Structure formats: C-alpha cells, structure tokens
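Those letters in the sequence shown? Residues 382 to 724, by the numbering used here.
Below is one structure, written out as structure tokens, with a few remarks after it.
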Amino acid sequence: MDELQEVVRLSSFSRLAKAIVREVSIQGILSRLMDTLVELFGPENCSILLLDRRADQLEFKLVTGRNSDWLLGRRIPAFEGIAGWVVAYGRELIVEDVSSDPRFSERIDSLSGFTTRSIIAVPLKTDDRVFGVIELINKLDDSRFSALEMHILSTIADFAAIAIEKAVYLNRIKRLAMTDALTGLLNRRGLGRVLQREQQRVERTGGRMAFILADIDHFKQINDNLGHAAGDQVLRLVAEALTEACRQGELIARYGGDEFLIILPEAGLDEARLVRERLEQLVASKAADDDPCPFSVSFGVHAGTDLDINTLLEESDKDMYRRKEERAEPEFSQVVLDCFADD
Numbered sequence: 382m383d384e385l386q387e388v389v390r391l392s393s394f395s396r397l398a399k400a401i402v403r404e405v406s407i408q409g410i411l412s413r414l415m416d417t418l419v420e421l422f423g424p425e426n427c428s429i430l431l432l433d434r435r436a437d438q439l440e441f442k443l444v445t446g447r448n449s450d451w452l453l454g455r456r457i458p459a460f461e462g463i464a465g466w467v468v469a470y471g472r473e474l475i476v477e478d479v480s481s482d483p484r485f486s487e488r489i490d491s492l493s494g495f496t497t498r499s500i501i502a503v504p505l506k507t508d509d510r511v512f513g514v515i516e517l518i519n520k521l522d523d524s525r526f527s528a529l530e531m532h533i534l535s536t537i538a539d540f541a542a543i544a545i546e547k548a549v550y551l552n553r554i555k556r557l558a559m560t561d562a563l564t565g566l567l568n569r570r571g572l573g574r575v576l577q578r579e580q581q582r583v584e585r586t587g588g589r590m591a592f593i594l595a596d597i598d599h600f601k602q603i604n605d606n607l608g609h610a611a612g613d614q615v616l617r618l619v620a621e622a623l624t625e626a627c628r629q630g631e632l633i634a635r636y637g638g639d640e641f642l643i644i645l646p647e648a649g650l651d652e653a654r655l656v657r658e659r660l661e662q663l664v665a666s667k668a669a670d671d672d673p674c675p676f677s678v679s680f681g682v683h684a685g686t687d688l689d690i691n692t693l694l695e696e697s698d699k700d701m702y703r704r705k706e707e708r709a710e711p712e713f714s715q716v717v718l719d720c721f722a723d724d
C-alpha cells in the first residue's frame, strides 16, 4: 500500500469514527459503516450480517453490490459457510480462493447466480460475544485481499461494535423510559409521544382515529382487600389479553392505575366497536381460565375525524361509565375474596 492510499484510508476511518459517535440508531451506524467499507476496500459485494441467537440464524441486514436486493433480509443458518465459521470461532478470516476452502458454502452463490472468488470476513463482537459479521467479497480490480486489509477491517469492526453496543444501551434506556415496568406496555410518557404523533397525523391528513378506554372493575377493592400482589396479577393478565387481542397498528398503553388505552389509527366507530367486542371476549376468557379469581373490565369507545385528543379521551371515558351503569356488575363478594385466600 503506498503512502497516498494510507492517507486516504486514515482519513476515511477518521470520518467514520466521528460520524458513528454521533449516531444513536443502529441502522444509522450500519449505513455509515457500509459507505466507508465500499469507499476503502472497493469490494464487488459487501454484506453486514447480524446474528439472531433465538433462531440460530444470520440475517443479511445491509448489502451492496450485485444481487444486493435479492440478498437483503435473507437468512442463513448461524454456522454455515465462512460467516458461520467467523461466528463460531470469533476470529477474522481471509480466503484468497474459496474454491479450495472447505469452509465455503456454495449455496448462496447457486441460488443467486453470483460467483464468489475471495472473501474477507470479520466478526462484530463485544466482550468476545459475536453478534454479527462483515463480509467483503471479490475486489473490483480482481486483485486479492491482503492481510493488511483484513487488519484494517478488523479495527473498523471493533470500533463499530463499540458504537453499536452504545446505541443498543441508549435505545434500551429510551424504551424503558417509555414502558410500564409491570405490564410492558407504553407508559404515560410513551403514550404522550404516540398521541402527539397521531394528533399531528389527523391534523395533516384530515384522517380519523378511535380510542378504546379499558377500566378494571373493582380494582381498588382488589388492592385494598387482597393486596397489591393480587392487583399486579390482574393488571398483568389484562395487559396480556389486550396485547393478544390487538392487531398490528393498534397501540396499547397503561393510561392510569387501573386504566388502559387502545388507539386505533384510521378507525371509525363501527370498527372500534368490533375491536371492543374482540377485547371483551378475550379478557373474559383470560379472567375465567388463567386466574383463580374472576375479574371484569369495562370498555368505552369513541371515534371521530378532526377531533382533538382530549375530546376523544373524554368521550371514551363517558362511554365506558355508561356501559358500567347499564350492565349489572358482579358484587365484590366474600366468594371473590375466598378465591385468593390461603389454603
């Protein structure tokens, strides 16, 4: 490598370091990393694969070059091929001629029509725990990858791994700050952000929105008579039922001590009532099957277009209390208390 190339690579590495330090999203870090790898090494293909430990698979998270669209999002077994070897041993690897290396798997080439000749693969890892692999495949000028290039790539990967780890922790802290610890649902802070976003959407598009407000019947008496452990158990069961019943795009939050809010973007009143029926059925089933003591939940619904958030909340609350009054609510009797009594 001549002096000019070395200066160019040091400059690129410096720019990458400054850029990813400022990034707070994993996708942003990976995108910056990919741009630098292409600039520095000139590969025919470049892939960043992330490890899904639960599924024991590697996913092509970011890909550039030939057939990149075909590869993006595809998964391979975690220990297949060169990338799999890097995951298994946590070490970098350079293969000048894959046709003579038994660790190489031809499966992706045969499916994609691509021809791999040479590879550099390095792990993304923190504390010796591998969570991904960077692969550079074939140099555009048909030359071979060098040991120095592998060393430079490993250094970049180590630095990127630290930045990714930091982003993971920051995102986890951010998520915890907006999540109710008991139920795992959005808390009031997270709900506030969602409501603000939905309000802006309605104002911008003139769309519609529906709310379903859920209130646990006799919750104060459960806490007062049976203790907060029993109350927490009921809250978790209700949260589980709401989560199971809601579909993609329907948002759930713990709105208050014993209240939950379900937000239905672009839903009208008829749709919201159908969702309410679904919620009522699943909550009733959960109360009967999963808990030694029956409990019930009341639901209120309101929907509209160009309505502000406060109006939707107030009207949902009114509808919920109307429904409470209309139906004969079960008494919180000694029979219920006995369900939680010690043997």
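Just so you know, even glycine gets a beta-carbon here, dropped at the ideal spot from N, CA and C.
Keep in mind that this is a model prediction, so the values were computed, not measured.
- Restricting attention to Thr507, Ala622, Leu623, His599, the CA atom closest to the CA of Gly612 is found in His599.
- Secondary-structure assignment with DSSP links Thr560 through a beta bridge to Leu567.
- Bridge pairing for Ile429: Leu443, Ile515 [DSSP].
- For Arg488, the enclosing alpha helix (DSSP H) starts and ends at 488-493.
- Between Ala634 and Leu563, the C-beta spacing is not below 7 Å.
- By the Cβ criterion, the segment 433-442 is in contact with the segment 450-467, since at least three pairs of Cβ atoms, one from each stretch, lie closer than 8 Å.
- Here the alpha carbons of Ala541 and Glu461 stand approximately 24 Å from one another.
- By the Cβ rule, the segment 658-668 counts as touching the segment 621-632, because three or more pairs are nearer than 8 Å.
- For Ala591, the closest C-alpha among the options Leu607, Leu632, Met559 is that of Leu632.
- Per DSSP, Thr496 lies in no beta strand (DSSP E) segment and is marked neither H nor E.
- Under the three-state reduction of DSSP output, Gly685 falls in the strand class.
- Going by C-alpha positions, Glu425 is about 5 Å away from Leu521.
- The three-state reading of DSSP puts Phe526 in coil, since its state is none of H, G, I, E or B.
- By the neighbour-count criterion, in which a residue is buried when 16 or more other Cβ atoms sit within 10 angstroms of its Cβ, Glu487 is exposed.
- Taking all protein chains in view, the Cβ of Val503 is crowded by 16 or more other Cβ atoms within 10 Å, so the residue is classified as buried.
- When the five nearest sequence neighbours on each side are left out, the beta carbons in the same chain lying within less than 8 Å of the beta carbon of Met415 are those of Cys427, Ile429, Leu443, Thr445, in order along the chain.
- With contacts defined as CB atoms closer than 7 Å, Glu473 and Ser535 qualify as a contacting pair.
- Phe592 is bridged by DSSP to Ile644, His683.
- In the structure shown, Gln580 adopts helical secondary structure according to DSSP, grouped into three states.
- Beta-bridge partners of Ala634 (DSSP): Leu567, Leu642.
- In the three-state DSSP reduction, Val405 falls in the coil class, being neither helix nor strand.
- Assigned with DSSP and collapsed to three states, Arg456 falls in strand.
- Rounded to the nearest angstrom, the gap between the Cα atoms of Arg396 and Ala464 is 27 Å.
- Pairing Ala653 with Leu642 gives a Cβ-Cβ distance that is not under 7 Å.
- Looking only at Ser493, Leu594, Leu492, Ser499, the smallest Cα-Cα distance to Asp478 is reached by Ser499.
- For Leu623, the uninterrupted alpha helix (DSSP H) segment begins and ends at 609-626.
- Residue pairing of Ile501 in beta bridges, as defined by DSSP: Ile475, Leu517.
- In the DSSP assignment, Ala469 falls within the unbroken alpha helix (DSSP H) covering 462-470.
- As DSSP reads the structure, Val678 sits in a beta bridge with Ile597.
- Excluding five sequence positions before and after Ile597, the CB atoms of its chain that fall closer than 7 Å to its own CB belong to Val615, Val619, Asp639, Phe676, Val678, given in chain order.
- Considering only Arg574, Leu431, Ala595, Arg484, the residue with the shortest C-alpha distance to Ile515 is Leu431.
- A distance below 7 Å between beta-carbons, with the five flanking residues on each side excluded, links Trp466 to the following residues of its chain, in chain order: Leu474, Arg484.
- CA-CA distance, Val419 to Ile533, rounds to 13 Å.
- Taking 7 Å as the cut-off, the Cβ atoms of Asn552 and Phe495 do not count as close.
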